[in-house]
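Data block below; observations after.
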Amino acid sequence: MATQTATGNALHLLLFEHESGELLGDCNFTNVVRGPFQACHAGFSIAMDAEGKGLMREALTAAIPYVFKIMGLHRIMANYRPENIRSGLLLARLGFEKEGVARSYLQINGSWADHVLTSLINPDDLD
């Protein structure tokens, strides 16, 4: 992870509780593709007892400008399972737009699962 982050091929961030230092979650920007694509995939997870407090929104709101301005990417893609309503709402609040549904997209616990595909375009690249 450290090598990928140092070379600009990924960004891995951890969320800690300020007082106790307890790990609450993580967000990452991986699968960075350079050249004419200039894009990555975003992923995130948070502890169940930390859900609904706005922590992931705060983390992603801080991280996304870094991905666009410092890493120089044009597009961030984030995918979620259709039944994961919280992730869908979070991404929509952050400005991600739904692009469609990929059937049998990712194998999770031995079963293939559909995923909703979303993306966020660097606002500096929009005319």
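Under the numbering used here, think of the first position of the sequence shown as 1, with each following residue one higher. For each residue, glycine too, the CB sits at the ideal point set by N, CA and C.
Exercise for the section: Pull up the distance between the alpha-carbon of Pro36 and that of Met71, whole angstroms please. Expected result: Residue 36 sits at position 36 when you count from the first residue of the sequence shown. Residue 71 sits at position 71 when you count from the first residue of the sequence shown. In a straight line, the C-alpha of Pro36 is about 14 angstroms away from that of Met71.
Handout entry: Limits of the beta strand (DSSP E) - the one that Ala78 falls within
Key = Taking the sequence shown and counting its residues from 1, the one referred to as residue 78 is at position 78. Start and end: Arg75 to Tyr80.
Exercise for the section: Inspect the CB distances between the stretch 71-87 and the stretch 16-34 and report whether three or more fall short of 8 angstroms. Expected result: yes
Exercise for the section: Hey, could you find the ends of the beta strand (DSSP E) Gly100 is sitting in? Expected result: What you label residue 100 is simply residue 100 of the sequence shown in a count that begins at 1. Counting along the chain, the beta strand (DSSP E) containing Gly100 begins and ends at Glu97 to Ile108.
Exercise for the section: Count the C-beta pairs between the stretch 55-62 and the stretch 105-113 that are closer than 8 angstroms, then say yes if the count reaches three, no if not. Expected result: no
Exercise for the section: Go to Ser111, then tell me how far its beta strand (DSSP E) extends in each direction, as first and last residue. Expected result: Locating residue 111 in the sequence shown gives position 111, counting from the first residue. Where Ser111 is concerned, the enclosing beta strand (DSSP E) stretches over Ser111 to Ile121.
Exercise for the section: Using 8 angstroms as the cut-off, classify the Cβ of Ala39 as near or not near the heavy atoms of the ligand NAP, replying yes or no. Expected result: Among the components of this structure there are no ligands whatsoever, and the ligand NAP is therefore not found.
Handout entry: Assigned secondary structure, Ala39 (DSSP; H/G/I helix, E/B strand, else coil)
Key = The residue given as residue 39 occupies position 39 in the sequence shown. Residue state, collapsed to three classes: strand.
Problem - Span of the beta strand (DSSP E) around Leu94 - result: Residue mapping note: residue 94 aligns to position 94 of the sequence shown, counting from 1. Counting along the chain, Leu94 falls outside any beta strand (DSSP E), and DSSP gives it neither H nor E.
Handout entry: N-terminal and C-terminal residue of the beta strand (DSSP E) that Leu24 is part of
Key = Walking along the sequence shown from the start, residue 24 turns up at place 24. Note, Leu24: beta strand (DSSP E), Leu23 to Val33.
Handout entry: Closest Cα partner of Arg103 within the set Gly95, Glu97, Leu90 and Leu117
Key = Here residue 103 corresponds to residue number 103 of the sequence shown, with the count starting at 1. Ranking Gly95, Glu97, Leu90 and Leu117 by Cα distance to Arg103 puts Leu117 first.
Problem - Beta carbon of Ala39 nearer than 9 angstroms to that of Val33 - result: By one-based count along the sequence shown, residue 39 stands at place 39. By one-based count along the sequence shown, residue 33 stands at place 33. Cβ atoms of Ala39 and Val33: closer than 9 angstroms.
Practice task
Buried or exposed for Ser45, please, with buried defined as at least 16 other CB atoms from any protein chain shown within 10 angstroms of its CB.
Solution key: For the purposes of this step, residue 45 is taken as the residue at position 45 of the sequence shown. Exposed, since its Cβ has fewer than 16 Cβ neighbours within 10 Å.
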